[in-house]
Amino acid sequence: MTRRQRCREVEAIVDRAVAGERLRVPEIETLLEVEQPDEAALIFDGAQRLRERHFGRKVFLYGFVYFSTYCRNRCTFCFYRHGNDASPRYRKTAAEVVEIARGLAGSGVHLVDLTLGEDPEIHEAGRFDHLVELVADVRRAVGVPVMVSPGVVPDAVLEQLAAAGADWYACYQETHSPQLFRKLRPGQDFAERVGARSRALGAGLHAEDGILLGVGETAADRARSLVTMRAQGVQQVRVMGFVPQEGTPMSGFDAPTLLAEMVTLATMRLTMPDRLIPASLDIDGLRGLEARLRAGANVVTSIIPPASGLAGVSQSKLDIDEGFRTVAGVERHLAPLGLSVASAEEYEDWLSGTRAPAIRARA
Ligand code: SF4
Numbered sequence: 104m105t106r107r108q109r110c111r112e113v114e115a116i117v118d119r120a121v122a123g124e125r126l127r128v129p130e131i132e133t134l135l136e137v138e139q140p141d142e143a144a145l146i147f148d149g150a151q152r153l154r155e156r157h158f159g160r161k162v163f164l165y166g167f168v169y170f171s172t173y174c175r176n177r178c179t180f181c182f183y184r185h186g187n188d189a190s191p192r193y194r195k196t197a198a199e200v201v202e203i204a205r206g207l208a209g210s211g212v213h214l215v216d217l218t219l220g221e222d223p224e225i226h227e228a229g230r231f232d233h234l235v236e237l238v239a240d241v242r243r244a245v246g247v248p249v250m251v252s253p254g255v256v257p258d259a260v261l262e263q264l265a266a267a268g269a270d271w272y273a274c275y276q277e278t279h280s281p282q283l284f285r286k287l288r289p290g291q292d293f294a295e296r297v298g299a300r301s302r303a304l305g306a307g308l309h310a311e312d313g314i315l316l317g318v319g320e321t322a323a324d325r326a327r328s329l330v331t332m333r334a335q336g337v338q339q340v341r342v343m344g345f346v347p348q349e350g351t352p353m354s355g356f357d358a359p360t361l362l363a364e365m366v367t368l369a370t371m372r373l374t375m376p377d378r379l380i381p382a383s384l385d386i387d388g389l390r391g392l393e394a395r396l397r398a399g400a401n402v403v404t405s406i407i408p409p410a411s412g413l414a415g416v417s418q419s420k421l422d423i424d425e426g427f428r429t430v431a432g433v434e435r436h437l438a439p440l441g442l443s444v445a446s447a448e449e450y451e452d453w454l455s456g457t458r459a460p461a462i463r464a465r466a
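Per my numbering, the very first residue in the sequence shown carries number 104; after that it's consecutive.
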C-alpha cells in the first residue's frame, strides 16, 4: 500500500468514527499502527471533534494523593514494587490525607484520587476498615468526589467504599493479554482484576481501567485492550507511556515515543468517544500536557500539591516541588488550546448522568 493509500484508509476510519460508527478491531489496529505525523494529525483532529461533541471545550482536573507507597506486589514495571530499595516509602496519616485533600479541593480540582499500593498493613492485615474510614473522612471534610485506587479488594469492601462516599474505583489492567499480564504483574490473577472492576460497577461506583504502552505489547494487544474496555463499560480509560524505573526488572526497556502515546490516546477517543480520558502529568510533567490534550484527552490527572511530601507513581518527583503540577500550572496550558476548566457543577452533573440506571433510581 502506498503512503497516499494508507493516508486515505486512516482518513476513512476516522470519518466513520466521527460519524458515530462503532470501530471494528482491524480498524482500531490500523489506527494504532500509525507512525507518520500526517496520518496521526487526522486521528487527532477526529479525536478533538468527538471530545468537543461529548464534552464541549471543558476539562476536568483530578488531584492525586499517593498516601501509601508500600506494596506487597512485585509488578515488573513499577518503581514501588516490593523489595525495590530505590523507591521512597511512606504512609500518610488519615489527618495528613484529609489536610492534603482539603488543600487540593480548595485549589479547584474536581476530584481527589486516593491511591496506595497493595499495602500489607491493609491488604494482609485485613484492615480495609482503615481505607473505608479514610474515604468517609475525606468525603465528609472535603466535599468533592473521591476516587480510590487500592488494588484488588474484596467485594464487600467495594460496597463499603461506595457506602462511605467513594465515587470511583480505579484498577488498571495494564494489558488485556493474559500472557503479557503474567509478565507485568507476576503472581496476580488476571480474571480477579477484571472482575474487581465489574463488581465495582455493580456496587454503583464508576470504574477506571488503563493500559501501559511500551511494555512488550503488539498493536493487536492494544486493540484488544480498547475493545475490552469499551465492552466492560468503565467510564474512564487511560493509556500511560511506560517510564523505565530504577531498581526494576524493566529498567532497561525504552520508553515509547510521545507520538505513539498520543496515537493510542486519540484512538481511544475514536473508539470510546463519551468516556473520560486523562492526560496524565505523571509521565513527563507539564511538558507533554498540551500534546495529550491535542490527542483528545479531557481530564488532567496527577495534580499534586508542592511541599506535601507526596510522590507520583511513574515520575516520583518531576514538577512536584516546583509547583507545576497544580491547578494554576495546568490552567496556563488550556487557554492556547481553546479549552478551560469545567465548573464543579459540570463535573457533578456528568457523574450523576453516567451512574448505572439502577443506582440513579436508588439515589
Ligand atoms: S503497580 Fe501497584 S500493585 Fe504493582 S507493585 Fe506497583 S504499587 Fe504495587
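The beta carbon of each residue, even a glycine, is placed where N, CA and C say it ideally should be. Predicted model only: the values in this text are computed from it and were never measured.
Residue interval of the alpha helix (DSSP H) (run including LEU373): 361 to 374
Note down the Cα distance separating CYS181 from VAL251, rounded to an integer number of angstroms. 19 Å
What alpha helix (DSSP H) runs, 4 residues minimum, are completely inside the segment 369 to 417? 392 to 397
At least three beta-carbon pairs within less than 8 Å, the segment 219 to 226 to the segment 322 to 332: no
Measuring only the C-alpha atoms, how far is GLU448 from PHE158? 14 Å
Given this structure, state the Cα-to-Cα distance separating GLU295 from ARG156, to the nearest angstrom. 35 Å
So for ASP216, helix, strand or coil by DSSP? strand
By Cβ distance below 6 Å, which residues in the same chain neighbour LEU421 in space, the five residues on each side in sequence not counted? GLY388
GLY220 Cβ short of 8 Å to ligand 1 heavy atom set: yes
Anticipated Cβ contact below 8 Å, ALA197 with LEU237, distance rounded: 5 Å
Can you tell me which of the three DSSP states LEU126 falls into? coil
Just how far apart, CA to CA, sit GLU138 and PHE231? 45 Å
Three or more C-beta pairs below 8 Å linking the segment 237 to 248 and the segment 283 to 294: no
When every heavy atom of ligand 1 is checked, does at least one fall within less than 8 Å of the C-beta of PHE180? yes
What did DSSP end up calling ASP292 once you bin it into helix, strand or coil? coil
Nearest-angstrom Cβ-Cβ length linking ALA239 and CYS274, presumed shorter than 8 Å: Contact doesn't hold; Cβ gap of about 20 Å is too wide.
So which of ASP118, GLY149, ARG109, GLU132 has the shortest CA-CA distance to ARG372? GLY149
Can you determine whether any heavy atom of ligand 1 sits closer than 8 Å to the C-beta of ARG194, and answer yes or no? no
Beta-carbon gap between LEU392 and LEU379 smaller than 9 Å: no
Could you compute how far the alpha carbon of ASP188 sits from the alpha carbon of ASP118? 50 Å
Closest by C-alpha distance to ALA269, when choosing among ARG194, THR321, ALA306, ASP292: ALA306
Helix, strand or coil at ASP422 [DSSP, three-state]: coil
Can you determine whether any heavy atom of ligand 1 sits closer than 8 Å to the C-beta of ASN401, and answer yes or no? no
Okay, do the segment 312 to 320 and the segment 356 to 376 touch, 3+ Cβ pairs below 8 Å being the bar? yes
DSSP-derived helix/strand/coil call for GLN338: coil
Using three-state DSSP, classify LEU308 as helix, strand or coil. coil
SER301 versus GLY229: straight-line alpha-carbon distance, rounded: 22 Å
Got a sec? Which residues, its chain only, sit under 7 Å from GLY336 by beta carbon, not counting five neighbours each side? LEU304
Would you call GLU132 buried or exposed, if buried means 16 or more other Cβ atoms sit within 10 Å of its Cβ? buried
Between GLU114 and the rest of its own chain, which residues show a CB-CB distance below 8 Å, the 5 nearest in sequence each way excluded? LEU145
Using the Cα positions of PHE163 and GLN338, report the straight-line distance between them to the nearest angstrom. 14 Å
Quick check: the Cα distance between SER190 and SER171, rounded to an integer number of angstroms? 12 Å
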